[in-house]
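Numbering (mature numbering (1 follows the signal peptide of the UniProt record, and there is no 0)), first residue to last: -18 to -1, 1 to 611.
Below, the structure written as structure tokens:
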């Protein structure tokens, strides 16, 4: 007898939770008292705590949010925002949240693409028709054989909007528990109930949540003699860059392109930038860390152990503890680097030039050279839509050597001396981030985002060049959308030399480039959101043949709830495997083991947090046949 569990998960950014005024006041008082009792010193409530009754609440809530989708009135607001002044306040926040039964959401930079400062959503059961099965992947779990089969499904109902891409004929994963040898092809089409985590404006949440805002913990200490810097989690990437350049013009750190990213969360997902081909990711250059674990203890690398230290460097944010600070290994940079941006439109042979870029960007170009491609829709001289591909680059060296490399390997771009600008490394950071050329580097200390939009994003990794007809199909779909943006980031170099298992970030050897897809809009209406969601999901579906397969890989720092998420107030190894394997590949299983060891009660829980193994959760031994659907 087969036991079949089918999980289909849909993005949701909202649910509601409300407390009465009396219970809110009591709740705030209990939390404040607990924080005071469990930290080094007690600050006045008004100094570190902000509630929805404060005039400043919305301003503080919205201060660092990049995605305006998660500031809509329909999105649940936190019971309060707590801004710790010391590390002991973070410890107390964990201890008190556990005591009071609170969800704790952590914010260091506010750039999570899906706005993970909102609670989980409720689940509903829908009926689908299974059209066919393919792909068998055997696993052994709790002494039972599991088979992950990819299926084609068709909805028997009209689904709520926004819907996952191509619901009329899409793919999901079926997990089959059976002691006999079987194959996915042995299943016959049948009706099966699915659990759908859907968009809900009715709350099934059993507890309120608070935001822990780490923005006051932003100290940075740079030691150029020993080539390291300690950076607290609330500091932005731009602040870290500035403080390094303040001490030395020949030291740098290989992290993000966006300078307003919080360094705490950024590193937990990987952290790529213009020096990734030379030095790898941010996580590849972290040598120590301080975290608060699920028991409220402060741990460094020695006391946390190598397994946990491995997990926090690329295993995604807020699954294993709260990052307090990172110890970063500084890398050498030349005193002068070179940047350029060369745009090409379709009438300038953009398609063929991009096809050639795919062939050289990863393994033919010098690892000192980073050339990403920014693709969008512009108006041509006649005012008609066309595609523009902009080659945006930073080179760790001077113009003369850059031109020699480009003429030898990528002459199709037609790079000339006048296209190139020489500058300091810190200035190149600002150039790539989009600051005007006369902006002083001190602006990085403000930690402000240059862009705030309603947007939805997805990601892919590419291992083979997309053919010309595939690119032409992409152009057609981009020109159907109001404000699309696609960014291709090259791999190769050091990225291909580091093992997939060195950190949880697995996208290494064999990857030519990563794609980020975005659709941006300004209208807050639900109808507008649905329109843009549908478009980007159709685009993602179109790109399936050109993306990595088994799994179709995704970048965890570009959070995408379309690929799956944890259920309300719980997480499941089987459910999480769907998206976990996309983010982490084979590293997902090790992450689950670490999570089970360091946070067996699953306190650090969010929509895509690493799950614990059910055999240890709350002392209950559950077989896979007893997972709640």
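In this text, a Cβ means the ideal position worked out from N, Cα and C, and glycines have one as well.
When the options are compared against residue i, the one with the closest alpha-carbon
| i | options | result |
| --- | --- | --- |
| residue 364 | 329, 546, 353 | 329 |
| residue 257 | 414, 300, 273 | 414 |
| residue 584 | 71, 26, 83 | 83 |
| residue 198 | 586, 217, 552, 204 | 217 |
| residue 408 | 314, 443, 486 | 314 |
| residue 401 | 243, 502, 14, 382 | 382 |
| residue 317 | 494, 21, 460, 230 | 230 |
| residue 295 | 348, 35, 273 | 273 |
| residue 202 | 191, 349, 228, 433 | 228 |
| residue 297 | 496, 536, 347 | 536 |
| residue 463 | 477, 502, 454 | 502 |
| residue 446 | 418, 343, 56, 299 | 343 |
| residue 238 | 11, 211, 412 | 412 |
| residue 530 | 574, 496, 553, 242 | 496 |
| residue 35 | 20, 10, 23, 24 | 10 |
| residue 396 | 380, 270, 372, 418 | 372 |
| residue 357 | 259, 214, 461 | 461 |
| residue 354 | 24, 376, 367 | 376 |
| residue 252 | 210, 541, 24 | 541 |
Spatial distance of residue i from residue j (CA atoms)
| i | j | result |
| --- | --- | --- |
| residue 403 | residue 385 | 12 Å |
| residue 559 | residue 284 | 30 Å |
| residue 617 | residue 441 | The shown model of the chain, from -18 to 611, leaves out residue 617, and the question about it has no answer. |
| residue 549 | residue 589 | 7 Å |
| residue 509 | residue 54 | 14 Å |
| residue 370 | residue 325 | 6 Å |
| residue 451 | residue 234 | 41 Å |
| residue 594 | residue 572 | 11 Å |
| residue 288 | residue 79 | 27 Å |
| residue 449 | residue 458 | 15 Å |
| residue 262 | residue 569 | 18 Å |
| residue 374 | residue 410 | 11 Å |
| residue 338 | residue 321 | 20 Å |
| residue 547 | residue 335 | 38 Å |
| residue 311 | residue 244 | 18 Å |
| residue 443 | residue 405 | 31 Å |
| residue 240 | residue 224 | 13 Å |
| residue 591 | residue 275 | 15 Å |
| residue 538 | residue 190 | 26 Å |
| residue 532 | residue 522 | 16 Å |
| residue 527 | residue 282 | 44 Å |
| residue 433 | residue 389 | 35 Å |
| residue 387 | residue 494 | 19 Å |
| residue 176 | residue 332 | Residue placement at residue 176 cannot be trusted, given a pLDDT of 28 that sits under 50; the coordinates are not used to answer. |
| residue 192 | residue 378 | 44 Å |
| residue 456 | residue 362 | 18 Å |
| residue 67 | residue 307 | 14 Å |
| residue 596 | residue 556 | 10 Å |
| residue 319 | residue 45 | 33 Å |
| residue 65 | residue 195 | 5 Å |
| residue 582 | residue 56 | 33 Å |
| residue 438 | residue 430 | 20 Å |
| residue 465 | residue 41 | 27 Å |
| residue 291 | residue 250 | 11 Å |
| residue 112 | residue 525 | Low per-residue confidence applies at residue 112: pLDDT is 34, beneath 50, and the placement is therefore not dependable, though the value from the model is reported in the following sentence. Taking the straight line joining both Cα atoms gives about 23 Å. |
| residue 214 | residue 504 | 34 Å |
Bridge partners - residue i, DSSP secondary structure assignment
| i | result |
| --- | --- |
| residue 71 | DSSP lists no partner for residue 71. |
| residue 311 | 210 |
| residue 443 | 496 |
| residue 32 | 63 |
| residue 86 | 192 |
| residue 271 | 308 |
| residue 502 | 437 |
| residue 233 | 314 |
| residue 471 | 496 |
| residue 376 | 321, 352 |
Rounded Cβ spacing between residue i and residue j (contact assumed at less than 8 Å)
| i | j | result |
| --- | --- | --- |
| residue 247 | residue 7 | Contact doesn't hold; Cβ gap of about 32 Å is too wide. |
| residue 50 | residue 436 | 5 Å |
| residue 667 | residue 304 | Here the chain comprises residues numbered -18 to 611, so residue 667 is not present and cannot be evaluated. |
| residue 579 | residue 301 | That pair is no contact at about 12 Å. |
Handout entry: the segment 45 to 64 contacting the segment 265 to 281, beta-carbon criterion three pairs below 8 Å
Key = The segment 45 to 64 is not in contact with the segment 265 to 281.
Handout entry: Cβ pair count under 8 Å reaching 3, the segment 22 to 33 against the segment 477 to 491
Key = no
Exercise for the section: Take every Cβ of the segment 469 to 476, pair it with every Cβ of the segment 557 to 572, and state whether three or more of those distances are shorter than 8 Å. Expected result: The way I'd put it, the segment 469 to 476 doesn't touch the segment 557 to 572; fewer than three beta-carbon pairs between them come closer than 8 Å.
Practice task
Taking 8 Å as the threshold, find out whether the segment 512 to 519 comes into contact with the segment 477 to 488 through three or more Cβ pairs.
Solution key: no
Exercise for the section: Determine contact between the segment 213 to 231 and the segment 423 to 431, defined as no fewer than three beta-carbon pairs at a distance below 8 Å. Expected result: yes
Exercise for the section: Decide if the segment 15 to 27 is in contact with the segment 70 to 84; the criterion is three or more beta carbon pairs, one per stretch, under 8 Å apart. Expected result: yes
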